[in-house]
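Peer 1:
Protein chains: 2
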Amino acid sequence: MAHHAIMSTQGPYLAEIAHLMGDPARASMLHALMDGRALTAKELAWIAGVAPQTASGHLAKLMQGNLIAFAAQGRHRYYRLAGPEVATALEGLMVLANLDGASRRLPSRVGAELSQARTCYDHFAGRLGIGIHDALMAGGHLAASEGGYALTASGKAIFRALGLEPDAGSKSRRAALRPCLDWSERRPHLAGHLAASLACRCFEMDWVRRRKDSRAVILTEKGRGALEAAFPEFRCDAPGPVNPVVREPVPAPA
Amino acid sequence: MAHHAIMSTQGPYLAEIAHLMGDPARASMLHALMDGRALTAKELAWIAGVAPQTASGHLAKLMQGNLIAFAAQGRHRYYRLAGPEVATALEGLMVLANLDGASRRLPSRVGAELSQARTCYDHFAGRLGIGIHDALMAGGHLAASEGGYALTASGKAIFRALGLEPDAGSKSRRAALRPCLDWSERRPHLAGHLAASLACRCFEMDWVRRRKDSRAVILTEKGRGALEAAFPEFRCDAPGPVNPVVREPVPAPA
DNA sequence: GGAACGCTACGGCCTCGGCCGTAGCATCGG
DNA sequence: CCGATGCTACGGCCGAGGCCGTAGCGTTCC
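Just so you know, the protein sequences line up as chains A and B, in that order. Positions in the first sequence are counted from 1; adding 124 to them yields my numbering. Positions in the second sequence are counted from 1; adding 124 to them yields my numbering.
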């Protein structure tokens, strides 16, 4: 400590946040929450591989750092990420974790599924997300704008045809559509509240299904047809159904 | 450790990277390198407020994590960030560090200067960066494209007038122009190798000057004129020169 | 009301890792 | 060739913090 000279003003704050993410248990929890769902403390404890008491401590720290928030419901507490910015920051780190030395590339099947199609907080990423992004781009439905991207007239028509009002949340601070760098493909997919609404609609209509215990998702046959109908330029190389990997949902307690 | 159940596949990798950034000394170093320059181990040690031996250890760890790289030159080692992805990830964390509770907002003058104009790795951010971004946008010189943004014909003409070839690095993996979220303004500015070339040209022509010991930069009067001439829609609210803050560049060594 | 359950608070153990001192290796200048 | 300089390697010290056990509070269900 001695003189510590000047120490850049924000270095410490940066470190504070990074330190919170830098513990294996906490990182696992955050990673698990990146699909945008809310999980209970116990589920998160199991995912992180620690006892509930330990998890509780971690969650308290994450709360204090404003990285997560919870909704109390009965005797449960459902934890979720505090906001899209948190997911963005985590994706940024994953880009590094992935290109890093090529040593730690994603192993096997799980990795392949995640690269195909997955959720990124509340919107789609992976080749599915990029397929949607590129389809809109190729058709001239997307234009650069102040906040990132904006829909052209033809783009708005497409969203309205899906039952989504493109100008709905325009009063909000959050951008409607903006690019988000994909850690597996190194290319942008669509984020923003409009992208989130689209994903939401896809789940509602059973065009896309969540896999459990993973952020990977599956494009159903119905969904492929629907998306091809909605986006004329859409093409996505088979993130189709594979046989489900079932896993013991609860650990044997000693 | 006991059973540790399943533990998400990439949680640990994520944690590894975040852990590297999560130490105050290392975070200060990384932060200092975000202006894209290369610094010696000694300079970084001073910035971080630790002894050279300690800094050396930190730098070795950062090297191993592929966050930084160095160029040996005589008896000096010039360290720099390993790539733009690292800067992007750090900016992502700064967004969090900044909106976090409003408790830790940037203090005083330094913060104001940084919000005005600064470098973000190798391109401009702050209101200066956003001014350039918005000017191109407003003039219709920028369009959405596969990798992020692309210049329209009029946009390319503008860059050529500045002596920059817009299609130069098109063979490279790195995008020419893409949006980068600004932590101080919460709006995108331009990143990518073309944005880097532009910044480089601005320094060459003395349109923009670096401040020392900070990522803040100053738009000179000449620069303001030049940018207004180059970008018809450019407007930037006075990131003008302020009286320089001079600081002891080297610590009294006890 | 009582028991089971979800979660958090506190205390003690123990490892991890940041810190500097000393020492050693390379490079540059006279 | 010798000393100064920049940097790294090693070793010992010590504080921070992750871990779980026990305990306590609130909610739910019978």
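Don't be surprised by glycine CBs; every beta carbon is placed ideally from N, CA and C.
Starting from Ala267/A, find everything on chain B with Cβ-Cβ shorter than 8 angstroms and list it in chain order.
Peer 2: Start at 1 with the first residue of the first sequence, and residue 267/A comes out as number 143. Ordered by position in chain B, the residues that pass the 8 angstroms Cβ test against Ala267/A are Ala267, Ala268.
Peer 1: At a Cβ cut of 9 angstroms, what residues of the segment 136-166 of chain B count as close to chain A, listed as they run along the chain?
Peer 2: Going along the segment 136-166 of chain B in chain order, one finds Pro136, Tyr137, Leu138, Ala139, Glu140, Ile141, Ala142, His143, Leu144, Met145, Gly146, Asp147, Pro148, Ala149, Arg150, Ala151, Ser152, Met153, Leu154, His155, Ala156 with a Cβ nearer than 9 angstroms to chain A.
Peer 1: Which of the three DSSP states is assigned to Gly250/B in this structure?
Peer 2: Against the second sequence, residue 250/B aligns to sequence position 126. Correct three-state label for Gly250/B: helix.
Peer 1: Check whether the Cβ atoms of Ala241/A and Phe248/A lie closer than 8 angstroms to each other.
Peer 2: One-based indexing of the first sequence puts residue 241/A at position 117. One-based indexing of the first sequence puts residue 248/A at position 124. In contact: Ala241/A and Phe248/A (Cβ atoms closer than 8 angstroms).
Peer 1: Answer yes or no: do Asp147/A and Ala139/B have a C-beta to C-beta separation smaller than 8 angstroms?
Peer 2: The residue you call residue 147/A lines up with position 23 of the first sequence. The residue you call residue 139/B lines up with position 15 of the second sequence. Closer than 8 angstroms, so yes.
Peer 1: In terms of residue numbering, what span does the beta strand (DSSP E) encompassing His200/A cover?
Peer 2: What you label residue 200/A is simply residue 76 of the first sequence in a count that begins at 1. 200-205 is the span of the beta strand (DSSP E), which, as asked, contains His200/A.
Peer 1: Can the beta-carbon of Arg201/B be found less than 8 angstroms from the beta-carbon of Thr243/B?
Peer 2: As a position in the second sequence, residue 201/B is number 77, starting the count at 1. As a position in the second sequence, residue 243/B is number 119, starting the count at 1. Against a cut-off of 8 angstroms, the Cβ pair of Thr243/B and Arg201/B comes out as no contact.
Peer 1: Can you tell me which of the three DSSP states Leu305/B falls into?
Peer 2: Position 181 of the second sequence holds residue 305/B. Three-state result, Leu305/B: strand.
Peer 1: Between the beta-carbon of Leu343/A and the beta-carbon of Leu318/A, is there less than 8 angstroms?
Peer 2: Taking the first sequence and counting its residues from 1, the one referred to as residue 343/A is at position 219. Taking the first sequence and counting its residues from 1, the one referred to as residue 318/A is at position 194. Not closer than 8 angstroms, so no.
Peer 1: Would you say Met187/A reaches chain B, if we count a Cβ-Cβ gap shorter than 8 angstroms as a contact?
Peer 2: For the purposes of this step, residue 187/A is identified with residue 63 of the first sequence, where counting begins at 1. For Met187/A, the answer is no, since every Cβ of chain B falls outside 8 angstroms of its Cβ.
Peer 1: Give a yes or no on whether the minimum CB-CB distance between Glu289/B and chain A is below 8 angstroms.
Peer 2: For this step, residue 289/B is matched to residue 165 along the second sequence. Glu289/B does not count as touching chain A.
Peer 1: Only counting the same chain, and skipping five residues up and downstream in sequence, which positions put a Cβ closer than 8 angstroms to that of Leu154/A?
Peer 2: To locate residue 154/A, count along the first sequence from 1; it is residue 30. Met145, Leu186, Leu191, Ile192, Leu205, Val210, Leu214, listed in sequence order.
Peer 1: List the residues that DSSP assigns as beta-bridge partners of Leu314/B.
Peer 2: Position 190 of the second sequence, counted from the start, is the residue given in the question as residue 314/B. According to DSSP, Leu314/B bridges with Pro303/B.
Peer 1: Consider the Cβ of Leu214/A: report whether some Cβ of chain B lies at a distance smaller than 8 angstroms.
Peer 2: For the purposes of this step, residue 214/A is identified with residue 90 of the first sequence, where counting begins at 1. With 8 angstroms as the cut-off, Leu214/A counts as an interface residue toward chain B.
Peer 1: Look at the alpha carbon of Arg310/A and the alpha carbon of Glu357/B, and state the distance between them as a whole number of angstroms.
Peer 2: Taking the first residue of the first sequence as position 1, residue 310/A is located at position 186. Taking the first residue of the second sequence as position 1, residue 357/B is located at position 233. For Arg310/A and Glu357/B, the distance between alpha carbons rounds to 32 angstroms.
Peer 1: Using a C-beta cutoff of 8 angstroms, does Pro303/A count as contacting chain B?
Peer 2: For this step, residue 303/A is matched to residue 179 along the first sequence. Interface residue, yes.
Peer 1: Can you list the residues of chain A that Val210/B reaches, using a CB-CB cut of under 8 angstroms?
Peer 2: Mapped onto the second sequence, residue 210/B falls at position 86. Those within 8 angstroms of Val210/B in chain A are Leu220.
Peer 1: According to the neighbour-count rule (16 or more other Cβ atoms, all chains shown, within 10 Å of its Cβ), is Ser152/B buried or exposed?
Peer 2: By 1-based counting over the second sequence, the position of residue 152/B is 28. It is buried - the Cβ of Ser152/B has at least 16 other Cβ atoms within 10 Å.
Peer 1: Label Ala292/A either buried or exposed according to how many other C-beta atoms from any shown protein chain fall within 10 Å of its C-beta, with 16 as the threshold for buried.
Peer 2: What you label residue 292/A is simply residue 168 of the first sequence in a count that begins at 1. Looking at its Cβ environment, which holds fewer than 16 other Cβ atoms inside 10 Å, Ala292/A is exposed.
Peer 1: Along the beta strand (DSSP E) that carries Gly272/B, what are the first and last residues, could you check?
Peer 2: Translated into positions along the second sequence, residue 272/B becomes position 148. It spans 272-275 - the beta strand (DSSP E) in which Gly272/B sits, taken as one unbroken run.
Peer 1: Residues of chain A with a CB under 8 angstroms from the CB of Gly271/B: which are they?
Peer 2: For the purposes of this step, residue 271/B is taken as the residue at position 147 of the second sequence. Going along chain A in sequence order, the residues near Gly271/B (Cβ under 8 angstroms) are Arg311, Pro312.
Peer 1: Beta strand (DSSP E) containing Arg348/B: first to last residue?
Peer 2: Taking the first residue of the second sequence as position 1, residue 348/B is located at position 224. Run containing Arg348/B: none in the beta strand (DSSP E); it sits in the alpha helix (DSSP H), 345-354.
Peer 1: How would you label Glu237/A, buried or exposed, when you count the other beta carbons within 10 angstroms and need 16 or more for buried?
Peer 2: The sequence position of residue 237/A within the first sequence is 113, counting from 1. So Glu237/A ends up on the buried side.
Peer 1: In this structure, how does DSSP classify Val174/B when only helix, strand and coil are distinguished?
Peer 2: Taking the first residue of the second sequence as position 1, residue 174/B is located at position 50. Coil, per DSSP.
Peer 1: In three-state DSSP terms, what is Phe194/B?
Peer 2: Numbered from its first residue, the second sequence carries residue 194/B at position 70. Three-state result, Phe194/B: strand.
Peer 1: What's the gap between the Cα of His182/A and the Cα of Ala149/A?
Peer 2: Against the first sequence, residue 182/A aligns to sequence position 58. Against the first sequence, residue 149/A aligns to sequence position 25. Each residue's alpha carbon lies about 8 angstroms from the other.
Peer 1: Under 7 angstroms between beta-carbons, which chain B residues line up against Leu217/A? List them in chain order, please.
Peer 2: By 1-based counting over the first sequence, the position of residue 217/A is 93. Neighbours of Leu217/A on chain B, chain order: Leu138, Ile141, Ala142, Ala213.
Peer 1: Can you name the residues of chain A whose CB is closer than 9 angstroms to the CB of Asp258/B?
Peer 2: Translated into the one-based positions of the second sequence, residue 258/B becomes position 134. Within chain A, the residues near Asp258/B are Glu270.
Peer 1: Alpha carbon to alpha carbon, how far is Leu351/A from Ile256/A?
Peer 2: Indexing the first sequence from 1 puts residue 351/A at position 227. Indexing the first sequence from 1 puts residue 256/A at position 132. Each residue's Cα considered, the two are about 8 angstroms apart.
Peer 1: Starting from the C-beta of Asp306/B, find all residues in its chain whose C-beta is less than 6 angstroms away, skip the five residues before and the five after it, and write them out in chain order.
Peer 2: As a first step, residue 306/B is located in the second sequence; it is residue number 182 there, counting from the start. Excluding positions up to five away in sequence, the list reads Ala249, His313.
Peer 1: Between Pro303/A and Gly272/B, is the Cβ-Cβ spacing less than 8 angstroms?
Peer 2: Here residue 303/A refers to the residue found at position 179 when the first sequence is read from its first residue. Here residue 272/B refers to the residue found at position 148 when the second sequence is read from its first residue. Yes, the pair counts as a contact, with Cβ atoms nearer than the cut-off.
Peer 1: Check for me: the beta strand (DSSP E) holding Leu214/B runs from which residue to which?
Peer 2: Numbered from its first residue, the second sequence carries residue 214/B at position 90. It is not in any beta strand (DSSP E) - Leu214/B instead sits in the alpha helix (DSSP H) that spans 208-223.
Peer 1: Alpha carbon to alpha carbon, how far is Leu217/A from Tyr137/B? Give it in angstroms, no decimals.
Peer 2: Walking along the second sequence from the start, residue 137/B turns up at place 13. Walking along the first sequence from the start, residue 217/A turns up at place 93. Taking the straight line joining both Cα atoms gives about 9 angstroms.
Peer 1: Does any CB atom of chain B fall closer than 8 angstroms to the CB of Leu223/A?
Peer 2: Counting from one through the first sequence, the residue named residue 223/A turns up at place 99. Output row for Leu223/A: interface = yes.
Peer 1: Just to confirm my understanding: we take Gly173/B, look at its own chain, exclude 5 residues before and 5 after, and list those with CB closer than 8 angstroms. What are they?
Peer 2: Indexing the second sequence from 1 puts residue 173/B at position 49. Excluding positions up to five away in sequence, the list reads Ala149, Ser152.
Peer 1: On the three-state DSSP scale, how would you describe Ser92/B?
Peer 2: There is simply no residue 92/B to check, as chain B begins at 125 and stops at 378 in what is shown.
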